[in-house]
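Each protein sequence line maps, in turn, to chains B and S. Residue numbering for the first sequence follows numbering that gives the first Met the number 0, beginning at 0 and increasing consecutively. Residue numbering for the second sequence follows numbering that gives the first Met the number 0, beginning at 0 and increasing consecutively. Ideal Cβ positions, reconstructed from N, Cα and C, are used throughout, including at glycine. Note that the coordinates shown come from a computational prediction; the quantities given were computed from them, not determined experimentally.
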Amino acid sequence: MRTRLITSLPLLALAVSAMGALSAPVKTAGGVSGTITFTGTPPRMRPIDMSKEPSCASQHPTPVMTETVMAGAGNTVQNVVVYISAGDQAGAAAAQPVRYDQKGCQYVPHVLVMQVGQPLEIYNNDQTSHNIHPLATINPEWNKSQPPGTPPIKATYAKPEFITVKCNVHPWMHGYFAVLATSHYAISGNDGKFSLAGLAPGKYTITAWHEKFGTQSQEVTVSASGTVTANFVFKALPY
Amino acid sequence: MGRLFAVVLAVITIVSAAIFIARIWWLPPDISVLGVGIDHQMTETMIASGVLFVVCQLVLAMFVWQYGDAGDARPIKTFPGGATPMVVIATILVSAEILVLTLVGTKVWGGIFLSPPDPSALHIDVQAEQFAYYFRYPGPDGKFGAIHPELIDDGNGNFFGLDPANDTAARDDIVSASLVIPVNKPILLTLHSKDVGHAFYVPELRIQQDFVPGLVIPLHFTATRLAKEEIVCTQLCGLGHYNMRAYLEVESLGQFQQWLKDHAP
Ligand SMILES: [Cu+2]
Ligand SMILES: [Cu+2]
Numbered sequence: 000m001r002t003r004l005i006t007s008l009p010l011l012a013l014a015v016s017a018m019g020a021l022s023a024p025v026k027t028a029g030g031v032s033g034t035i036t037f038t039g040t041p042p043r044m045r046p047i048d049m050s051k052e053p054s055c056a057s058q059h060p061t062p063v064m065t066e067t068v069m070a071g072a073g074n075t076v077q078n079v080v081v082y083i084s085a086g087d088q089a090g091a092a093a094a095q096p097v098r099y100d101q102k103g104c105q106y107v108p109h110v111l112v113m114q115v116g117q118p119l120e121i122y123n124n125d126q127t128s129h130n131i132h133p134l135a136t137i138n139p140e141w142n143k144s145q146p147p148g149t150p151p152i153k154a155t156y157a158k159p160e161f162i163t164v165k166c167n168v169h170p171w172m173h174g175y176f177a178v179l180a181t182s183h184y185a186i187s188g189n190d191g192k193f194s195l196a197g198l199a200p201g202k203y204t205i206t207a208w209h210e211k212f213g214t215q216s217q218e219v220t221v222s223a224s225g226t227v228t229a230n231f232v233f234k235a236l237p238y
Numbered sequence: 000m001g002r003l004f005a006v007v008l009a010v011i012t013i014v015s016a017a018i019f020i021a022r023i024w025w026l027p028p029d030i031s032v033l034g035v036g037i038d039h040q041m042t043e044t045m046i047a048s049g050v051l052f053v054v055c056q057l058v059l060a061m062f063v064w065q066y067g068d069a070g071d072a073r074p075i076k077t078f079p080g081g082a083t084p085m086v087v088i089a090t091i092l093v094s095a096e097i098l099v100l101t102l103v104g105t106k107v108w109g110g111i112f113l114s115p116p117d118p119s120a121l122h123i124d125v126q127a128e129q130f131a132y133y134f135r136y137p138g139p140d141g142k143f144g145a146i147h148p149e150l151i152d153d154g155n156g157n158f159f160g161l162d163p164a165n166d167t168a169a170r171d172d173i174v175s176a177s178l179v180i181p182v183n184k185p186i187l188l189t190l191h192s193k194d195v196g197h198a199f200y201v202p203e204l205r206i207q208q209d210f211v212p213g214l215v216i217p218l219h220f221t222a223t224r225l226a227k228e229e230i231v232c233t234q235l236c237g238l239g240h241y242n243m244r245a246y247l248e249v250e251s252l253g254q255f256q257q258w259l260k261d262h263a264p
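In structure tokens, the structure reads:
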């Protein structure tokens, strides 16, 4: 027993130092930050009628609204995925699972970002069955039933893709998986702000994706220190 | 053994008749104009077939009791056979009864399915899909927007495939997951399905009608009482069929008009 412990010590030390190297902040790194806004009139969000599923409807004292365009003060937009679409160095696949919840007959979060190959865990927190159906076209498409109290569904996606997610039982349930080939991504909050940090100096293409407004890209040059500003302005239509 | 069978037969007959006479598992109270006729027809059918059922079963039990196997091992010589005139008369009597029930019932059935709706009926468009119902009201302009199946987008609440960007009639259409109607007002539904066969069944309205993909099926009724009842799908339509339902809410005219205002898009 003791000999085994002794022989494994150098291995352990090696592993610890390797982990340290991975997680240590890159000293010469800049970033990109900005704000996402829109011009024009965005579509009005509508209340979702969940009356056919009383166990879900009762979880929402005020009606839940659709989440297609979540506008903030000053025409900012929430739920925009901003990521490096070109120029990024290849990184290791993320091992930490991402969590997707079905709660009150809604998908939480509405837009879930994950990396290619990253484990995805889907939970049913409701008293009713769901049948999650990510409408993948590049990756394999599947749908799975999940009765209340059953273990999480586990999945991974091998190719980058923006995937619409729907529930085959509750027509109003609606969300997205953003499967990205980069570890540098952000999702805008209610203030429309995003920031990408830890970028090595160089030229990058950054892309902003929104479920209704589509995508926009721009080139940025990141220096060894400091943060570059990149704002995105989308055009909104009322319908 | 023969006598035991006679007793079991009599007990089954009496118990099953008692369940109907005591109205255990009876229909829920009727809340519609046409329901009166249906309930009347139902009661007549129940009485006519019930009396026949009880009499036949008890006579059978009596014969089994009286003439059951008494150890006579001789084979039956002719079958069918026996009292031919009686068999003929019985068959004619039963046929006549069924025919009469059908003729009387057709009137009630035709009142729902063959007669046109009241010209003043409130028209509501209904779409069934796996596994929910959606109801559409024409809005203040009184006109329904055209349906474009390729524009259907459940996640954004466009269950009917309306095109408000280009179609002004579609802009004020009210879409709801509950069927809200005013009391004592004739209602005309047009039923269509987005995907597979479904059904619209409200026991309290005494109507049940299938949705057939590709067809627009009219259905009319008038609710006579304020109520909140369940609309259920009675056509097996997929894994969530058990959970396919909506609510029918019968409100006063004032409440209904307020509801329309509150739900304007
Ligand atoms: Cu669901
Ligand atoms: Cu159905």
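The beta-carbon separation of H183(B) and Y82(B), rounded to 6 Å, stays under the 8 Å limit for a contact.
Less than 9 Å separates the beta-carbon of F220(S) from that of L33(S). Remark: the shortest separation between the CB of H39(S) and any heavy atom of ligand 1 does not fall under 8 Å.
Taking C-beta atoms as the reference points, P185(S) and L121(S) count as a pair closer than 9 Å.
For C55(S), the number of other beta carbons within 10 angstroms of its own is below 16, and it is reported as exposed. Per DSSP, G174(B) lies in no alpha helix (DSSP H); the unbroken beta strand (DSSP E) holding it starts and ends at H173 to L179. Here R170(S) carries a helix assignment [DSSP, helix/strand/coil]. Here G1(S) has V63, G67 and D68 as same chain residues with Cβ atoms under 7 Å from its own Cβ, once five neighbours each way along the sequence are excluded. Apart from sequence neighbours up to five positions away, the residues of its chain that approach A229(B) with a beta-carbon distance below 7 Å are V31, G33, I205, Q217 and V219, ordered along the chain. Not one heavy atom of ligand 2 sits closer than 8 Å to the Cβ of C55(S).
For C55(B), the enclosing alpha helix (DSSP H) covers residues P53 to A56. For Y238(B), at least one C-beta of chain S is nearer than 9 Å to its own C-beta. The Cβ of S144(B) sits closer than 9 Å to at least one Cβ of chain S. Within 8 Å of the C-beta of Q101(B) there is at least one heavy atom belonging to ligand 1. Closest option to S175(S), judged by alpha-carbon separation, among T233(S), V10(S), E149(S) and Q126(S): Q126(S). Chain order gives no chain B residues near R224(S), where near means a beta carbon separation below 8 Å; the closest approach is about 20 Å.
Taken through DSSP and simplified to helix, strand or coil, E218(B) comes out as strand.
The Cβ atoms of P217(S) and L188(S) sit closer than 9 Å to each other. Around the beta carbon of P139(B), a 10 Å sphere encloses fewer than 16 other beta carbons of the protein chains shown; the residue is thus reported as exposed. With a threshold of 9 Å between beta carbons, T127(B) makes contact with chain S. Counting only residues whose CB is nearer than 5 Å to a non-hydrogen atom of ligand 2, the list in chain order is H197(S), C232(S), C236(S) and M243(S).
For E203(S), the three-state secondary structure derived from DSSP is helix. Taking 8 Å as the cut-off, the C-beta of V79(B) does not count as close to any heavy atom of ligand 1. Taking C-beta atoms as the reference points, A185(B) and F161(B) fail to come closer than 9 Å. Burial is judged here by how many other beta carbons sit within 10 angstroms of a residue's own beta carbon; F134(S) has at least 16 and is buried.
Between the C-alpha atoms of M49(B) and G154(S) there is a straight-line separation of about 13 Å. If you check the C-beta of V63(B) against ligand 1, you find no heavy atom less than 8 Å away. Put simply, the backbone Cα of M41(S) is about 38 Å away from that of C55(B). For chain B, the residues of the stretch 122–148 of chain S that bring a beta carbon within less than 7 Å of one of its beta carbons are E128, Q129, F130 and A131, in chain order. Within chain B, no residue has its CB atom less than 9 Å from the CB of R2(S), the nearest being about 52 Å off. Below the 8 Å Cβ cutoff, chain B contributes no neighbours of G160(S), its closest Cβ being approximately 13 Å away.
If you check the C-beta of T206(B) against ligand 1, you find no heavy atom less than 8 Å away.
With a threshold of 9 Å between beta carbons, S57(B) makes no contact with chain S. For A135(B), no pairing in a beta bridge is given by DSSP.
Listed along chain S are A131, D153, G154, G156, F158 and A176, each with a C-beta nearer than 9 Å to that of W171(B).
The straight-line gap separating the alpha-carbon atoms of Q105(B) and H173(B) is approximately 7 Å.
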